[in-house]
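Chains E and G, in that order, are what the protein sequence lines are.
The opening residue of the first sequence carries number 129 in the numbering used here; numbering runs sequentially from there.
The opening residue of the second sequence carries number 199 in the numbering used here; numbering runs sequentially from there.
By construction, the Cβ of each residue, glycine as well, lies at the ideal position given by its N, Cα and C atoms.
To keep things clear, I will list the structure first and then write my remarks on it.
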Amino acid sequence: MNPRFRRRTGLAAALASPLAFSACARERAQHQSHYSQAEIDEAMRTPTEIDFWTWVPGIEKEVALFEEAYPAVKVDIVNAGQGAAHYTKLRTALRARNGAPDVAQLEYQMIPSFAITEDLLDLRPFGAADLADAYVEFAWSQVTGTDGQIWAIPQDTGPMGMLYRDDIFEAHGIGVPATWDEFADAAGRLREADPEVYLTNLAPGQGAFFAAMLWQAGADPFAGTSGGDLRVDLAGEAATRVARYWGDLAEQGLVSVDADFNDQWYQALNKGKYATWIAPAWAPTFLESAAASTSGKWRCAPLPQWDAGSEPVSSNWGGSTSAVMSTTANPVAAAVFAQFINSDRESTETMAFEQFLYPPAKAVLEDPAFAGQELEFYGGQQVNGLFAEIGATVAPDFQWAPFQDQVYADFTETVGTAFTERTDAVAAMEAWQAAVEEYAEYQGFTVNRS
Amino acid sequence: MTATAEAPRAAARRPEGTRRRALAGYLFVAPFMIVFAAMFAVPLIYAAYFSLFREQLVGGNVFVGLDNYARAFTDPAVWEGLGRVGAFFLLQVPAMLVVALALALALDTGLTRLSRFARLGVFVPYAVPGVIATLMWGFMYGPQFGPFAQLAEKIGVGVPDFLGADLMLGSLANIVFWEFTGYNMVILYAALRAVPGELYEAAAVDGAGQWRTAWSIKIPALRSALVVCMVFSIIGSFQLFNEPNLMQPLAPTVIDSSYTPNLYAYHLAFTGQEYNYAAAVSFVLGLIILVGSYAFMLATNRRSRS
Numbered sequence: 129m130n131p132r133f134r135r136r137t138g139l140a141a142a143l144a145s146p147l148a149f150s151a152c153a154r155e156r157a158q159h160q161s162h163y164s165q166a167e168i169d170e171a172m173r174t175p176t177e178i179d180f181w182t183w184v185p186g187i188e189k190e191v192a193l194f195e196e197a198y199p200a201v202k203v204d205i206v207n208a209g210q211g212a213a214h215y216t217k218l219r220t221a222l223r224a225r226n227g228a229p230d231v232a233q234l235e236y237q238m239i240p241s242f243a244i245t246e247d248l249l250d251l252r253p254f255g256a257a258d259l260a261d262a263y264v265e266f267a268w269s270q271v272t273g274t275d276g277q278i279w280a281i282p283q284d285t286g287p288m289g290m291l292y293r294d295d296i297f298e299a300h301g302i303g304v305p306a307t308w309d310e311f312a313d314a315a316g317r318l319r320e321a322d323p324e325v326y327l328t329n330l331a332p333g334q335g336a337f338f339a340a341m342l343w344q345a346g347a348d349p350f351a352g353t354s355g356g357d358l359r360v361d362l363a364g365e366a367a368t369r370v371a372r373y374w375g376d377l378a379e380q381g382l383v384s385v386d387a388d389f390n391d392q393w394y395q396a397l398n399k400g401k402y403a404t405w406i407a408p409a410w411a412p413t414f415l416e417s418a419a420a421s422t423s424g425k426w427r428c429a430p431l432p433q434w435d436a437g438s439e440p441v442s443s444n445w446g447g448s449t450s451a452v453m454s455t456t457a458n459p460v461a462a463a464v465f466a467q468f469i470n471s472d473r474e475s476t477e478t479m480a481f482e483q484f485l486y487p488p489a490k491a492v493l494e495d496p497a498f499a500g501q502e503l504e505f506y507g508g509q510q511v512n513g514l515f516a517e518i519g520a521t522v523a524p525d526f527q528w529a530p531f532q533d534q535v536y537a538d539f540t541e542t543v544g545t546a547f548t549e550r551t552d553a554v555a556a557m558e559a560w561q562a563a564v565e566e567y568a569e570y571q572g573f574t575v576n577r578s
Numbered sequence: 199m200t201a202t203a204e205a206p207r208a209a210a211r212r213p214e215g216t217r218r219r220a221l222a223g224y225l226f227v228a229p230f231m232i233v234f235a236a237m238f239a240v241p242l243i244y245a246a247y248f249s250l251f252r253e254q255l256v257g258g259n260v261f262v263g264l265d266n267y268a269r270a271f272t273d274p275a276v277w278e279g280l281g282r283v284g285a286f287f288l289l290q291v292p293a294m295l296v297v298a299l300a301l302a303l304a305l306d307t308g309l310t311r312l313s314r315f316a317r318l319g320v321f322v323p324y325a326v327p328g329v330i331a332t333l334m335w336g337f338m339y340g341p342q343f344g345p346f347a348q349l350a351e352k353i354g355v356g357v358p359d360f361l362g363a364d365l366m367l368g369s370l371a372n373i374v375f376w377e378f379t380g381y382n383m384v385i386l387y388a389a390l391r392a393v394p395g396e397l398y399e400a401a402a403v404d405g406a407g408q409w410r411t412a413w414s415i416k417i418p419a420l421r422s423a424l425v426v427c428m429v430f431s432i433i434g435s436f437q438l439f440n441e442p443n444l445m446q447p448l449a450p451t452v453i454d455s456s457y458t459p460n461l462y463a464y465h466l467a468f469t470g471q472e473y474n475y476a477a478a479v480s481f482v483l484g485l486i487i488l489v490g491s492y493a494f495m496l497a498t499n500r501r502s503r504s
């Protein structure tokens with residue numbers, strides 16, 4: 129053979145090999161489109177080991193319940209970090225096609241980001257559709273793909289409400305604001321009454337909070353996105369309204385703009401710098417430990433509304449699901465596990481009462497033992513019951529971007545920065561839109577604005 | 199008979215011995231070379247190769263040649279980041295090296311009482327892991343509940359916003375200064391200990407005092423050690439990552455995702471999933487550091503020769 133020719137083909141083969149790699153990366157293990165009950169039973173009797181990545185402390189209890197019900201299946205729990213740290217490792221393992229778990233915790237907003245890379249297993253063949261009615265509507269719609277796939281099973285949720293300092297409100301004669309207009313008015317009055325206290329803090333790096341605000345206002349910026357077609361509209365009427373409202377409050381210095389979930393913020397909560405925290409259903413438990421010194425001073429109320437007259441609307445911030453990775457070698461065991469821990473009565477109750485995860489399961493939400501729990505930290509208020517009522521008002525439709533972490537990063541650099549620097553937040557929404565469009569085009573999406 | 203038989207045997211033994219000795223040499227080097235190849239050379243080559251592709255979320259993977267490099271060289275985020283670490287270098291390194299030099303000279307005079315204690319004290323910050331140091335300083339910088347802010351409030355003066363856009367680079371420089379002054383001092387001090395005693399004796403005979411000795415003997419003797427410190431500092435400054443990454447949660451809108459080139463590469467890979475482009479940006483940064491360090495060494499070499 130001509131050596132020169134050989135060298136060339138060798139080079140071509142070498143250059144082509146990542147293409148080959150990525151071809152295998154996309155080619156997941158082929159799974160069946162339907163499993164009969166007999167097949168599922170058979171698989172669950174076969175000794176199997178599955179890996180479960182989660183950052184929920186104490187999840188061992190729910191896992192033990194599963195292992196009791198299915199003694200042949202052993203579950204290994206791995207805590208790979210929380211949030212971004214977890215997703216980074218998960219993505220790396222999935223890309224490396226080595227070391228990825230069978231089941232992983234995924235927050236709702238990350239589902240489309242892992243679906244677009246074909247890393248999630250559709251759970252319909254395993255009878256997941258039967259569970260639809262067991263969960264509140266908005267939670268189920270969040271785990272449902274654009275073509276009806278069931279990408280994950282809801283674990284917990286975070287309907288948005290408002291935690292407020294009853295003592296501060298009382299001292300300054302401020303009533304609990306029911307609308308955003310009243311809220312802005314209260315913000316002004318509180319600033320005048322006590323320059324040390326802000327009505328609330330608007331964290332400029334917290335895209336998840338801002339997304340919840342958009343959701344409540346009826347903006348659905350990524351609605352209509354499907355596969356490689358990205359629809360994004362961050363400058364529509366509802367979104368502009370939200371940006372103008374918070375931008376004005378920040379610009380006038382009526383709310384503080386401190387970064388959240390860091391030491392300064394915890395201290396500020398303890399020392400009474402913020403009179404409210406616009407926060408989801410998982411926040412009450414979180415606050416009990418983060419601001420322990422303020423016990424008894426807090427109360428909960430529904431989220432302020434845009435329109436005083438119409439039916440109340442809320443949204444969701446946070447909460448997680450259990451998703452099965454498409455790389456799994458044990459699809460049946462993994463799918464049954466994801467369904468079991470989030471639907472078995474005892475398991476969901478353990479999550480609600482021992483891990484303090486706010487449940488999406490109707491059965492637990494309706495349980496008087498859960499809804500009627502009186503929390504001392506909130507002056508004996510039945511906080512869970514209030515959030516259950518709020519949960520029923522969460523708008524069911526809100527679509528996440530197929531690269532939500534990038535969207536959040538762009539938010540911080542545009543709108544979040546405008547909040548910090550007290551510049552035009554509405555103009556920053558345009559910049560956010562442009563950044564998302566640019567990124568999406570670079571990643572090969574076809575971008576539509578409306 | 200015996201003599202003739204002995205000679206070829208001895209001749210045959212020698213090359214075998216050399217071979218064995220050579221083999222032993224390779225064996226001694228092997229543990230390093232294997233780890234070096236597996237953990238450094240291979241990943242580096244793979245990353246270089248990887249940077250020639252572009253894998254999209256939609257549309258798969260294609261060979262794009264040097265496109266990623268063309269993009270990196272025209273990407274304002276890369277250049278802003280480089281400008282920022284360049285400013286950081288000018289802000290931080292001269293001050294750090296001057297102080298490290300002064301401390302090393304002071305220790306070397308032997309006049310300082312408790313010189314062992316002082317040496318240890320200055321060096322201890324280097325022994326504190328960078329992560330801990332940054333968290334600690336981050337706490338101290340706190341604009342409202344940090345100790346500086348509390349103190350300023352007690353006295354009744356305004357406190358500078360250490361974590362604001364204007365002062366952030368200075369705040370980061372201060373952390374790095376605190377961490378690495380002791381380290382550089384130890385390098386310089388060790389070099390001073392190696393200066394032959396006769397030089398000092400000669401200086402004393404000539405009537406030179408402490409200042410004169412420091413200026414005319416010690417500092418020239420430190421030349422090559424200073425060059426080493428400088429090269430480490432160039433590399434360290436341009437690769438700035440830990441400190442801004444850990445400070446990001448305290449000021450997410452000030453330290454954006456392209457605050458330093460390394461932070462940008464990290465963000466590209468792990469937030470944006472632009473792994474190929476992240477690899478290209480890393481290589482561009484590596485190249486710039488290489489050129490910068492080399493240019494510095496060349497310049498100092500030439501000056502010392504002239």
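Would you report the Cα separation of residue i and residue j, rounded to the nearest angstrom?
i, j, result
"E170/E", "F251/G", "45 Å"
"A529/E", "I385/G", "52 Å"
"A379/E", "T551/E", "It is Glu, not Ala, that sits at residue 379/E in the sequence shown. C-alpha separation (whole angstroms): 7 Å."
"L342/E", "G289/E", "14 Å"
"G490/G", "Y473/G", "26 Å"
"L264/G", "N576/E", "30 Å"
"Q172/E", "M238/E", "The residue asked about is misnamed: residue 172/E is Met in this sequence, not Gln. If I take the Cα positions, the gap works out to 29 Å."
"C152/E", "P229/E", "Low local confidence applies: a pLDDT of 41 at C152/E is under 50, so the model's placement there is unreliable, with the coordinate-based value given in what follows. If I take the Cα positions, the gap works out to 18 Å."
"G362/G", "E188/E", "43 Å"
"P323/E", "G400/E", "12 Å"
"F481/G", "L367/G", "24 Å"
"T422/E", "F297/E", "14 Å"
Going along the chain, which residues of its own chain have a beta-carbon closer than 8 Å to the beta-carbon of residue i, five neighbours each way excluded?
i, result
"Q433/E", "A306, T307, W308, P440, V441"
"F531/E", "S241, I244, Y567, A568, Q571"
"A562/E", "none"
Applying a beta-carbon distance threshold of less than 7 Å, which residues of chain G neighbour residue i?
i, result
"N390/E", "P447, L448"
"Q395/E", "F343"
"A387/E", "P447, L448, A449, P450"
"I128/E", "A question about residue 128/E goes unanswered here, because the residues of chain E that appear run from 129 up to 578."
Can you confirm whether residue i, when its beta carbon is compared against all beta carbons of chain G, has any partner nearer than 9 Å?
i, result
"D533/E", "yes"
"S150/E", "Bear in mind that the predicted position of S150/E carries a pLDDT of just 43, short of 50, making it unreliable; the figure below should be weighed with that in mind. Yes, because at least one Cβ of chain G sits closer than 9 Å to the Cβ of S150/E."
"E558/E", "no"
"A221/E", "no"
"P282/E", "no"
I want to see whether chain E comes within less than 9 Å of residue i, judged by CB atoms only; does it?
i, result
"A363/G", "yes"
"L488/G", "no"
"E472/G", "yes"
"G172/G", "Given a span of 199 to 504 for chain G in the structure shown, any question on residue 172/G remains unanswerable."
"F481/G", "no"
"G340/G", "yes"
"F337/G", "yes"
Who are the Cβ neighbours of residue i in its own chain at under 6 Å, not counting the five residues just before and after it?
i, result
"R317/E", "none"
Check the Cβ of residue i against every Cβ in chain E and list those closer than 9 Å, keeping chain order.
i, result
"Q254/G", "Y570, Q571, G572, F573"
"F346/G", "In chain order: nothing, as chain E lies at least about 13 Å away."
For residue i, return the contacting residues in chain G, with the cut-off set at a CB-CB distance below 8 Å.
i, result
"Y567/E", "G470"
"E541/E", "T451, D454, S455"
"T545/E", "T451, D454"
Below 7 Å CB to CB, which residues in the same chain sit around residue i once its five sequence neighbours on both sides are set aside?
i, result
"E287/E", "Note that residue 287/E corresponds to Pro in the displayed sequence, not to Glu. P408, A409, S442, N444, F515, I518, G519, V522."
"S313/G", "L305"
Chain E partners of residue i, CB-CB under 7 Å?
i, result
"G257/G", "G572"
Is the beta carbon of residue i within less than 8 Å of some heavy atom of the ligand ATP?
i, result
"A363/G", "With respect to the ligand ATP, the structure shown offers nothing to examine, as it has no ligands at all."
Q) Using 8 Å as the threshold, is the region 445–463 of chain E in touch with the region 168–188 of chain E, meaning 3 or more CB pairs across them? A) Under the Cβ criterion (8 Å, minimum of three pairs), the region 445–463 of chain E counts as touching the region 168–188 of chain E.
Q) Do three or more CB pairs link the region 445–457 of chain G to the region 189–199 of chain E at distances below 8 Å? A) With a cut-off of 8 Å on Cβ pairs, the region 445–457 of chain G is not in contact with the region 189–199 of chain E, counting fewer than three such pairs.
**Q.** Three or more C-beta pairs below 8 Å linking the region 302–322 of chain G and the region 361–368 of chain E
**A.** The region 302–322 of chain G makes no contact with the region 361–368 of chain E; the number of CB pairs closer than 8 Å stays below 3.
Q) Do the region 408–428 of chain G and the region 268–280 of chain G meet, that is, are 3 or more Cβ pairs less than 8 Å apart? A) The region 408–428 of chain G, when compared against the region 268–280 of chain G, does not touch it at the 8 Å Cβ threshold.
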